[in-house]
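Shown next, in structure tokens, is the structure this report addresses.
Numbering (UniProt numbering), first residue to last: 1 to 265.
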């Protein structure tokens, strides 16, 4: 199943969805996909077209591929402008992914602040070749995502740059408009920001993730490349703290992200 088919499965049968093994990230399903699936379940529970403003995501435990997952949503509050929802992915009776979302309608405001310019990076044509999917070497889900490095180093290269990033897009999806589900996958497709600092392979993962969306979402196709950059702000005792942003190819801001990541080295 590709990304679009999995989103459809959650909308139609949230009580039981199996994530195929080719979406695995080590022993767990790809975190960006899990966040996108919970978000889709939350979106289906809204009574109007309020736009998602932010999501706070906790990866409570690994979601095993090929094992049924149920997606549960609780409406915590629905105000005049803002709805707050809590979404859960539950597998074998245990919560594996927890998402709190804030959805808000726009309103007239005197305040308007232009986004900071996108981080400078090599043009797509001048960046590193597309990172290939290599069975047994790269995570399984990489067959569904295309990355081209333009800033910083690859994982396990001993690169001390605080920044890492480049160009990203989904593979094997039909052409169509991008929504927030796609943005979740594009932002989380990149490895934890601590990985390039290491000189040899070690396990690492995202513990918590907060992402904020620029609304309305700029017009973008699922086949378009986006720019991404993450900066590691601090790391110690096996935990790191990083901020990131995703832009269109033209430099229009799409989303702002913060993650607490873990590394077992």
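Positions of the beta carbon are idealized from the N, C-alpha and C atoms, including for glycine.
To the nearest angstrom, how far is it from the Cα of residue i to the Cα of residue j?
| i | j | result |
| --- | --- | --- |
| residue 209 | residue 257 | 7 Å |
| residue 197 | residue 62 | 24 Å |
| residue 192 | residue 165 | 11 Å |
| residue 251 | residue 128 | 19 Å |
| residue 87 | residue 8 | 17 Å |
| residue 211 | residue 50 | 17 Å |
| residue 162 | residue 47 | 42 Å |
| residue 94 | residue 126 | 46 Å |
| residue 169 | residue 32 | 13 Å |
| residue 175 | residue 64 | 29 Å |
| residue 83 | residue 44 | 13 Å |
| residue 79 | residue 104 | 9 Å |
| residue 265 | residue 202 | 6 Å |
| residue 114 | residue 13 | 40 Å |
| residue 185 | residue 107 | 29 Å |
| residue 36 | residue 109 | 30 Å |
| residue 145 | residue 171 | 5 Å |
| residue 156 | residue 263 | 12 Å |
| residue 134 | residue 154 | 15 Å |
| residue 90 | residue 58 | 13 Å |
| residue 235 | residue 71 | 33 Å |
| residue 77 | residue 147 | 38 Å |
| residue 136 | residue 253 | 35 Å |
| residue 3 | residue 11 | 13 Å |
| residue 54 | residue 221 | 22 Å |
| residue 116 | residue 92 | 44 Å |
| residue 167 | residue 240 | 23 Å |
| residue 15 | residue 120 | 44 Å |
| residue 160 | residue 173 | 35 Å |
Looking at the strands, I want to know which residues DSSP matches up with residue i.
| i | result |
| --- | --- |
| residue 70 | 90 |
Under 8 Å, do residue i and residue j count as touching if we go by C-beta distance?
| i | j | result |
| --- | --- | --- |
| residue 199 | residue 238 | no |
| residue 232 | residue 194 | yes |
| residue 204 | residue 111 | no |
| residue 99 | residue 68 | no |
| residue 229 | residue 244 | yes |
| residue 5 | residue 181 | no |
| residue 141 | residue 215 | no |
| residue 270 | residue 52 | The question about residue 270 has no answer here: the residues shown for the chain are numbered 1 through 265. |
| residue 122 | residue 81 | no |
| residue 38 | residue 29 | no |
| residue 179 | residue 217 | yes |
| residue 73 | residue 85 | yes |
| residue 225 | residue 124 | yes |
| residue 187 | residue 223 | no |
| residue 255 | residue 213 | yes |
| residue 27 | residue 118 | no |
task = Scan the region 1-66 and note each continuous beta strand (DSSP E) run of 3 residues or more that stays entirely inside, going in chain order.
result = Uninterrupted beta strand (DSSP E) stretches at least 3 residues long and entirely within the region 1-66 occur at 51-59, given in chain order.
request  = At 4 residues or longer, and completely inside the region 72-106: list those alpha helix (DSSP H) runs for me, N to C.
outcome  = Runs found: none.
key: Within the UniProt domain "Acyl-CoA thioesterase-like C-terminal" (128-263), ranges of the beta strand (DSSP E) (whole runs, at least 3 residues)   = Counting only runs of 3 or more, we get 145-151, 163-170, 204-213, 226-236, 239-248 and 253-263.
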